[in-house]
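In the numbering used here, the protein residues as written are 75 to 250.
Every residue gets a Cβ at the ideal spot worked out from N, C-alpha and C, and that includes glycine.
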Amino acid sequence: MRNSVLEGDDRGRLAGGYSVLARCWRQPTADLLEAVSDGTFERIEPEVAETTVEELRVEYARLFVGPAEPVCPPYESLYRDGDDAVLGPSARAVVKWYQSYGLGLEPEWPDLPDHIATELEFAAYLLEREDPETCERFLDEHPRLWIEEFLDDVERETREPYYRALATMTAAAIDG
């Protein structure tokens with residue numbers, strides 16, 4: 075069942091879940107690790123509690139940044155538009171969604187508009203402020219068209235239980 079039948083508290087919980095997932099897909103910080111240590115991820119993957127912020131940062135860089143080509147680039151355009159299509163047609167389409175709600179990227183966000191974290195934040199925004207069908211339309215037009223392949227890559231390539239658990243939770247949330 076898709077998220078369009080959500081009401082009230084369920085919508086709020088899902089929007090909050092998208093916001094948390096978005097934060098988890100960004101560069102790891104000490105406060106993120108503290109939140110992980112509260113046991114949320116441990117219930118899914120016990121080994122997650124054994125990691126350090128330095129280990130997560132190293133793995134984040136290896137998977138999503140480089141120094142060489144990232145193993146799992148977190149951008150819709152690279153999955154949908156081809157390997158050389160950073161800021162390609164799908165990224166431009168995402169920007170149109172943001173602009174239609176008067177939104178843009180935060181100046182301190184140093185990444186592209188079609189980053190998984192940004193798309194999840196926007197899904198949370200839509201659930202909090204619009205009808206669920208609008209969020210569903212965005213998910214159908216963007217994250218659901220590429221995220222499965224991305225999450226499969228993360229699960230296959232990661233060396234950290236944290237990212238494996240994060241991929242599993244993100245898939246469950248996007249599938250509704």
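- Item | Between the CA atoms of residue 248 and residue 197 - distance to the nearest angstrom | 10 angstroms
- Task: Would you mind sorting residue 53 into buried or exposed? The rule is 16 or more other CB atoms within 10 Å of its CB.
- Result: Look at the range of the chain in this structure, 75 to 250, and you will see that residue 53 is not part of it.
- Message: Could you tell me the alpha carbon to alpha carbon distance between residue 33 and residue 170, rounded to whole angstroms?
- Response: A question about residue 33 goes unanswered here, because the residues of the chain that appear run from 75 up to 250.
- Cβ-based neighbour list, residue 93, same chain, cut-off 6 angstroms, excluding 5 preceding and 5 following: These residues qualify, in order along the chain: 198.
- Work out the CA separation of residue 160 and residue 236 for me, nearest whole Å. 27 angstroms
- With residue 204 as the anchor, note down where its alpha helix (DSSP H) starts and where it stops. Premise fails: residue 204 is in no alpha helix (DSSP H) and is neither H nor E.
- Whole alpha helix (DSSP H) elements within the stretch 141 to 215, 4-residue minimum: Taking only runs of at least 4 residues, the alpha helix (DSSP H) segments lying wholly in the stretch 141 to 215 are 150 to 154, 163 to 174, 190 to 203 and 206 to 215.
- Contact belief for residue 89 with residue 193 at Cβ below 8 angstroms, rounded distance in angstroms: About 14 angstroms separates the two Cβ atoms, so there is no contact after all.
- Item | Under 8 angstroms between C-beta atoms of residue 150 and residue 165 | Result yes, Cβ atoms of residue 150 and residue 165 sit closer than 8 angstroms.
- Are the CB atoms of residue 100 and residue 191 nearer to each other than 8 angstroms? Result yes, Cβ atoms of residue 100 and residue 191 sit closer than 8 angstroms.
- Query: What's the gap between the Cα of residue 216 and the Cα of residue 227?
  - Reply: 18 angstroms
- Of the residues 91, 214 and 133, which one's Cα is nearest the Cα of residue 233? Among 91, 214 and 133, the Cα nearest to that of residue 233 belongs to 133.
- Query: Between residue 174 and the rest of its own chain, which residues show a CB-CB distance below 6 angstroms, the 5 nearest in sequence each way excluded?
  - Reply: Excluding sequence neighbours, residue 174 sits near nothing in its chain.
- Query: residue 220 by DSSP, collapsed to three states: which one?
  - Reply: helix
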